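First the structure, in the form of structure tokens, and then the observations on it.
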Amino acid sequence: MTEGTQSRVEFDEHGKRTTYDEIEVGRDLGSLEWVITEEDIEKQCSIDEDFHPWFSFDLEEQEGTEVGPWDGVIAPPQIQYRPPRWLLSRTYNIRGVFYKWDYENLKPIRPGETITVTGRILDKWIDREREFMSYEAEGRDEEGDIVFRTTRVHALDVLKRDTPRAGAGEDSGFKQEKI
Amino acid sequence: MAIITKDTPVGAELPVFARRFRNEMFAMGDVKTIHNDDAAAQREGLPRAVAVGPQVAALIFRMMRTCFEEGWIVGGKVALTFRRPVWSNDFATARGVITDTEVEDDGVRMICDVWIERADGEKAIVGTCSALVAGD
């Protein structure tokens with residue numbers, strides 16, 4: 250399929266796609282409160298096929314079983330991928346493709362804990378005729394400590410920026426806010 | 004117990020982790036996405052459906068957690084570039100090699116080059132990850 254016969258998606262089921270010009274560098278993305286549930290942890294382990302005794306509620310329920318050094322079950326650190334993405338999607342309708350992902354694990358992520366996630370738009374740029382944007386986010390626990398921090402880059406479209414926008418896409422970057 | 008210690012030499016390879024993806028793994032009810040439907044992917048300019056990037060990258064995180072255990076959960080760092088798609092029915096392999104060490108207050112940081120190979124050998128995800136091990 251050549252770009253000459255195709256258009257960039259203009260809108261999807263969540264409305265008009267955000268264009269490059271509409272992205273405001275420095276914009277505060279606000280905050281969201283995220284409470285990690287037992288179900289969230291089990292689902293994350295399942296979709297990633299990343300099982301470990303530290304992430305297991307089954308083992309914790311067995312009396313006398315010491316499952317790790319964390320004083321209870323913890324989540325796989327990569328569970329932090331989605332909340333910053335939800336935060337971005339509350340402001341901008343970006344589908345695109347994921348290009349870069351940096352993050353740092355500073356504290357274990359625990360079930361039942363409320364993590365406050367905040368973020369902002371870092372930058373936008375054009376490279377090889379494609380449009381990119383970056384944003385950063387961090388999650389803080391109830392004590393105010395940073396649990397994770399992350400920086401992501403998305404390409405707004407797979408297609409080059411001179412491909413006209415028209416018509417509907419079937420997918421959206423906007424997803425239900427659950428793991 | 005972590006596989007990697009401060010005595011593991013630079014140049015040591017990390018254990019390999021691999022996974023076969025299938026389109027149905029990315030099903031979202033009736034919702035068609037670039038991850039579960041070729042037509043939805045083609046509408047966005049992709050040749051066919053692609054695996055969810057973070058789910059593919061999770062193979063790298065599993066490798067790092069296995070190697071470093073506690074030093075990954077607290078102290079782990081990631082910097083990845085998704086340079087090529089992994090197809091939604093592809094076979095992906097995570098590999099890594101220790102490239103450097105740095106002494107920090109909380110231990111020794113072991114720095115690794117990491118990558119994901121597709122079935123055709125193409126490096127789809129590349130980058131660095133690091134984690135802490137106990138020092139002296």
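As they're listed, the protein sequences go chains A and B.
So the mapping is simple: the numbering used here equals the position in the first sequence, first residue as 1, plus 249.
So the mapping is simple: the numbering used here equals the position in the second sequence, first residue as 1, plus 3.
We treat Cβ as the ideally placed atom computed from N, Cα and C, and that holds for glycine.
All values reported here derive from a predicted model rather than from experimental measurement.
Nonlocal neighbours in the same chain, by C-beta distance under 6 Å from residue i, ignoring five residues either side
i: B/F85; result: G56 and I128
i: B/E105; result: R112
i: B/G74; result: A134, L135 and V136
i: B/R23; result: F94
i: B/A54; result: F24, V89 and S91
i: B/A15; result: I101
i: A/L371; result: S383, Y384 and E385
Sequence-distant residues of its chain with Cβ nearer than 8 Å to residue i (five each side left out)
i: A/T267; result: Y341, N342, I343 and L405
i: B/E125; result: R87
i: A/T251; result: A caution first: A/T251 carries a pLDDT of 43, below 50, which makes its placement in the model too unreliable to give a value.
i: B/P18; result: I6, M66, T69 and C70
i: A/A324; result: I285, D289, I290, Q293, F304, P357, I358, R359 and P360
i: B/P12; result: I101
Beta-bridge pairing of residue i - partner residues as DSSP gives them
i: B/L135; result: B/R112
i: A/S280; result: A/T367
i: A/M382; result: A/K373 and A/H403
i: A/R389; result: A/T365 and A/I395
i: A/Y504; result: Only positions 250 to 428 of chain A appear in the structure, and residue 504 of chain A is not among them; the question remains open.
i: B/T104; result: B/M113
i: B/T96; result: B/A21 and B/E120
i: A/D307; result: The partner list for A/D307 (beta bridge, DSSP) is empty, contrary to what the question assumes.
i: A/D430; result: Here chain A covers residues 250 to 428 and nothing more, so residue 430 of chain A does not appear.
i: B/I128; result: B/F85 and B/I119
i: B/W90; result: B/V53
i: B/M31; result: B/V34
i: B/E16; result: B/V100
i: A/V322; result: According to DSSP, A/V322 bridges with nothing at all.
i: A/F300; result: Paired residue(s): none; A/F300 is not in a bridge.
i: A/V346; result: A/A404
i: A/A417; result: A/F260
Cutoff 7 Å; reference residue i; Cβ partners in own chain excluding five residues on either side
i: A/I428; result: D289, K292, Q293, I328 and R331
i: A/F300; result: C294
i: B/F20; result: L62, R65, M66 and A97
i: B/D41; result: R51 and A52
i: A/R369; result: G275, R276, D277, L278, Y384 and E385
i: A/T286; result: P360
i: B/C115; result: L17, G99, V100, I101, T102, T131, C132 and S133
i: B/A122; result: D93 and F94
Candidates the options, of which the one nearest residue i by Cα
i: A/T363; options: A/G393, A/A386, A/F306 and A/R276; result: A/G393
i: B/D108; options: B/G138, B/I119 and B/G99; result: B/G138
i: A/L355; options: A/T286, A/R389, A/E426 and A/A415; result: A/R389
i: A/H403; options: A/T367, A/V396 and A/F347; result: A/F347
i: A/W222; options: A/D351, A/L281, A/W319 and A/G321; result: Only positions 250 to 428 of chain A appear in this structure, which leaves residue 222 of chain A out of reach.
i: B/T131; options: A/Y352, A/Q311 and A/Q425; result: A/Y352
i: B/Q58; options: B/Q45, B/A44 and B/M28; result: B/M28
i: A/K373; options: A/H263, A/V258 and A/E273; result: A/E273
i: B/E157; options: A/P318, A/R257, A/G264 and A/D261; result: This structure cannot settle anything about residue 157 of chain B, because the visible part of chain B is limited to 4 through 139.
i: A/I296; options: B/E72, B/N26, B/V13 and B/K9; result: B/N26
i: B/D10; options: B/G110, B/R121 and B/E120; result: B/G110
i: A/A417; options: B/E120, B/G32, B/A43 and B/A60; result: B/A43
i: A/P326; options: A/R398, A/Q311 and A/H263; result: A/R398
i: A/I375; options: A/F260, A/D270 and A/K265; result: A/D270
i: A/T365; options: A/P333, A/G345, A/R401 and A/T400; result: A/P333
Beta-carbon neighbours of residue i, restricted to chain D and to distances below 7 Å
i: A/V258; result: Looking for chain D here will not work: the only protein chains present are A and B.
Distance cut-off 7 Å: residue i Cβ against heavy atoms of the ligand FMN
i: B/E16; result: For the ligand FMN, the structure offers nothing, since it holds no ligand at all.
key: Where the stretch 69 to 96 of chain B meets chain A: residues whose CB sits under 8 Å from a CB there   = Those residues of the stretch 69 to 96 of chain B placed with their C-beta closer than 8 Å to a C-beta in chain A are E73, W75, I76, V77, G78, G79, K80, V81, A82, L83, T84, F85 and P88, ordered along the chain.
ask   = Which residues, in chain order, does the stretch 115 to 131 of chain B contribute to contact with chain A at a C-beta distance below 7 Å?
value = For chain A, none of the residues of the stretch 115 to 131 of chain B brings a beta carbon within less than 7 Å of one of its beta carbons.
request  = Identify each residue in the stretch 19 to 39 of chain B for which the Cβ-Cβ distance to at least one residue of chain A is less than 7 Å, and report them in chain order.
outcome  = Within the stretch 19 to 39 of chain B, the residues whose Cβ lies closer than 7 Å to some Cβ of chain A are R22, K35, T36 and I37, listed in chain order.
Within 9 Å of chain A by C-beta, residues of the stretch 46 to 63 of chain B in sequence order = If the cut-off is 9 Å between Cβ atoms, the stretch 46 to 63 of chain B has R46, E47, G48, L49, P50, V53, V55, G56, P57, Q58, A60, A61 and L62 near chain A.
inquiry  = Counting only Cβ-Cβ distances shorter than 7 Å, please list the residues of the stretch 393 to 423 of chain A near chain B, keeping chain order.
reply    = Taking 7 Å as the Cβ-Cβ cut-off against chain B, the residues of the stretch 393 to 423 of chain A that qualify are D406, V407, L408, G418, E419 and D420.
message = For the pair the stretch 409 to 420 of chain A and the stretch 378 to 392 of chain A, tell me if three or more CB-CB distances fall below 8 Å.
response = The stretch 409 to 420 of chain A, when compared against the stretch 378 to 392 of chain A, does touch it at the 8 Å Cβ threshold.
inquiry  = Taking contact to mean 3 or more Cβ pairs, one atom from each stretch, closer than 8 Å, check whether the stretch 26 to 46 of chain B and the stretch 62 to 80 of chain B are in contact.
reply    = With the cut-off at 8 Å, the stretch 26 to 46 of chain B and the stretch 62 to 80 of chain B do not touch.
request  = Could you please tell me which residues of the stretch 365 to 393 of chain A, in chain order, have their CB closer than 8 Å to any CB of chain B?
outcome  = Taking 8 Å as the upper bound on Cβ-Cβ separation, chain B lies near no residue of the stretch 365 to 393 of chain A.
request  = Scan the stretch 271 to 287 of chain A for residues whose Cβ lies nearer than 7 Å to a Cβ of chain B and list them as they occur along the chain.
outcome  = Of all residues in the stretch 271 to 287 of chain A, none has a Cβ within less than 7 Å of some Cβ in chain B.
task = May I ask you to list, following chain order, the residues of the stretch 326 to 344 of chain A that have a beta carbon less than 7 Å from some beta carbon of chain B?
result = Along the stretch 326 to 344 of chain A, the positions whose C-beta sits under 7 Å from a C-beta of chain B are P326, Q327, Y330 and R344, read in chain order.
inquiry  = Please identify, using Cβ separations under 8 Å, the residues of the stretch 347 to 366 of chain A that lie next to chain B, in order along the chain.
reply    = Listed by position along the chain: F347, Y348, K349, W350, D351, Y352, E353, N354, L355, K356 and P357.
key: Within 8 Å of chain B by C-beta, residues of the stretch 291 to 309 of chain A in sequence order   = Under the 8 Å Cβ criterion, the stretch 291 to 309 of chain A contributes I296, D297, E298, D299, H301 and W303.
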